[in-house]
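Trainee: Take a look at the following structure, please.
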Amino acid sequence: DSGVTQTPKHLITATGQRVTLRCSPRSGDLSVYWYQQSLDQGLQFLIQYYNGEERAKGNILERFSAQQFPDLHSELNLSSLELGDSALYFCASSSWTDSTGELFFGEGSRLTVL
Amino acid sequence: QQQVKQSPQSLIVQKGGISIINCAYENTAFDYFPWYQQFPGKGPALLIAIRPDVSEKKEGRFTISFNKSAKQFSLHIMDSQPGDSATYFCAASLTGTASKLTFGTGTRLQVTL
Chain A
1 DSGVTQTPKH
11 LITATGQRVT
21 LRCSPRSGDL
31 SVYWYQQSLD
41 QGLQFLIQYY
51 NGEERAKGNI
61 LERFSAQQFP
71 DLHSELNLSS
81 LELGDSALYF
91 CASSSWTDST
101 GELFFGEGSR
111 LTVL
Chain B
115 QQQVKQSPQS
125 LIVQKGGISI
135 INCAYENTAF
145 DYFPWYQQFP
155 GKGPALLIAI
165 RPDVSEKKEG
175 RFTISFNKSA
185 KQFSLHIMDS
195 QPGDSATYFC
205 AASLTGTASK
215 LTFGTGTRLQ
225 VTL
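Keeping their order, the protein sequence lines are chains A and B. For the first sequence, our numbering begins at 1 and goes up steadily by one. For the second sequence, our numbering begins at 115 and goes up steadily by one.
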């Protein structure tokens with residue numbers, strides 16, 4: 001158990017809809033990362049937050065947004081969903097002062113867009 | 115875009131055999147090379163990592179070999195076991211910039227009896 005909790009585990013929705021994925025990081029971790037995993041593209045970094053502030057942005061679509069709340073949990077919002085958004089979305093957390101760069105991943109949220 | 119290229123995409127090894135997964139990177143500034151292991155239905159978990167100041171790191175049956183001049187590194191799993199069946203991801207980053215962790219596309223390993 002990594003200590004990172006993601007909900008929901010599975011989500012099925014229709015094109016054009018909006019969903020919110022939730023992540024609770026490991027106790028004490030200030031950094032939260034969101035990754036998208038699809039079959040053909042591996043793990044793609046979307047966005048990172050540190051202590052409530054956006055720290056880095058990767059290949060995140062404009063239809064997607066995220067935020068980190070004062071209690072350090074994070075939400076990833078996906079809107080105007082398309083078939084191609086179907087993927088596993090992982091949240092990971094880390095200790096910013098940890099020079100090893102180890103990320104602790106949750107078990108993911110599997111999104112299916114029909 | 116900085117890339118980490120991983121091969122093979124899938125691998126079948128008999129129990130007791132050696133599993134070898136290779137990765138190549140482009141950015142010579144990378145100084146941290148972890149391998150993550152992912153079981154079905156689970157998130158990736160750090161398996162072993164190496165920095166470029168050493169050419170090899172061993173932890174139990176898992177060994178990373180690193181070739182700085184060739185910009186390549188590989189994971190060797192000795193005496194492979196069915197319990198090792200998982201997807202393995204190599205990655206690379208700059209120390210202290212976990213947000214820049216760039217992953218390979220993954221290798222699905224199946225260890226048969």
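Glycine included, every Cβ here is placed at the ideal spot set by N, Cα and C. Just so we're clear, the structure is a prediction, and the values are computed from it rather than from any experiment.
Determine the contact status of residue 2 of chain A and residue 90 of chain A, defining contact as a CB-CB distance below 8 Å.
Mentor: Taking the first residue of the first sequence as 1, we reach residue 2 of chain A at position 2. Taking the first residue of the first sequence as 1, we reach residue 90 of chain A at position 90. No; because the gap between Cβ atoms is not below 8 Å, this pair is not in contact.
Trainee: Could you pull the start and end residues of the beta strand (DSSP E) that residue 148 of chain B belongs to?
Mentor: Here residue 148 of chain B refers to the residue found at position 34 when the second sequence is read from its first residue. Element bounds for residue 148 of chain B: 147-152.
Trainee: Strictly by DSSP, which residues pair up with residue 104 of chain A?
Mentor: Within the first sequence, numbered from 1, the residue matching residue 104 of chain A stands at position 104. For residue 104 of chain A, which the question treats as bridged, DSSP gives the partners A/93.
Trainee: Starting from residue 225 of chain B, trace the beta strand (DSSP E) in both directions and tell me its first and last residue.
Mentor: Position 111 of the second sequence, counted from the first residue, corresponds to residue 225 of chain B. First-last of the beta strand (DSSP E) with residue 225 of chain B: 221-226.
Trainee: Using a Cβ cut-off of 7 Å, which residues of the stretch 12-30 of chain A contact any Cβ in chain B, in chain order?
Mentor: Going along the stretch 12-30 of chain A in chain order, one finds no residue with a Cβ nearer than 7 Å to chain B.
Trainee: Would you say the beta carbon of residue 142 of chain B is closer than 7 Å to some non-hydrogen atom of the ligand COA?
Mentor: This structure does not include the ligand COA; it has no bound ligands of any sort.
Trainee: Suppose you measure from the CA of residue 56 of chain A to the CA of residue 30 of chain A; what does that come to, to the nearest Å?
Mentor: One-based indexing of the first sequence puts residue 56 of chain A at position 56. One-based indexing of the first sequence puts residue 30 of chain A at position 30. The alpha-carbon atoms of residue 56 of chain A and residue 30 of chain A are separated by roughly 14 Å.
Trainee: Please name the residue in A/39, A/73, A/43, A/15 whose C-alpha comes closest to that of residue 21 of chain A.
Mentor: Against the first sequence, residue 21 of chain A aligns to sequence position 21. The option with the nearest alpha carbon to residue 21 of chain A is A/73.
Trainee: On the three-state DSSP scale, how would you describe residue 84 of chain A?
Mentor: To locate residue 84 of chain A, count along the first sequence from 1; it is residue 84. In the structure shown, residue 84 of chain A sits in a helix (DSSP, three-state: H, G or I).
Trainee: Alpha carbons only, please: which of B/202, B/154, B/224 is nearest the one belonging to residue 120 of chain B?
Mentor: For the purposes of this step, residue 120 of chain B is taken as the residue at position 6 of the second sequence. Residue B/202 is the option with its Cα nearest to residue 120 of chain B.
Trainee: Contact between the stretch 57-68 of chain A and the stretch 76-83 of chain A: three or more CB pairs below 8 Å?
Mentor: Yes, since at least three Cβ pairs between the stretch 57-68 of chain A and the stretch 76-83 of chain A fall closer than 8 Å, the two stretches touch.
Trainee: Looking at the C-beta of residue 65 of chain A, does it have a partner C-beta in chain B at a distance below 8 Å?
Mentor: Against the first sequence, residue 65 of chain A aligns to sequence position 65. So no, residue 65 of chain A is outside the interface.
Trainee: Between residue 198 of chain B and residue 130 of chain B, is the Cβ-Cβ spacing less than 8 Å?
Mentor: Start at 1 with the first residue of the second sequence, and residue 198 of chain B comes out as number 84. Start at 1 with the first residue of the second sequence, and residue 130 of chain B comes out as number 16. No; because the gap between Cβ atoms is not below 8 Å, this pair is not in contact.
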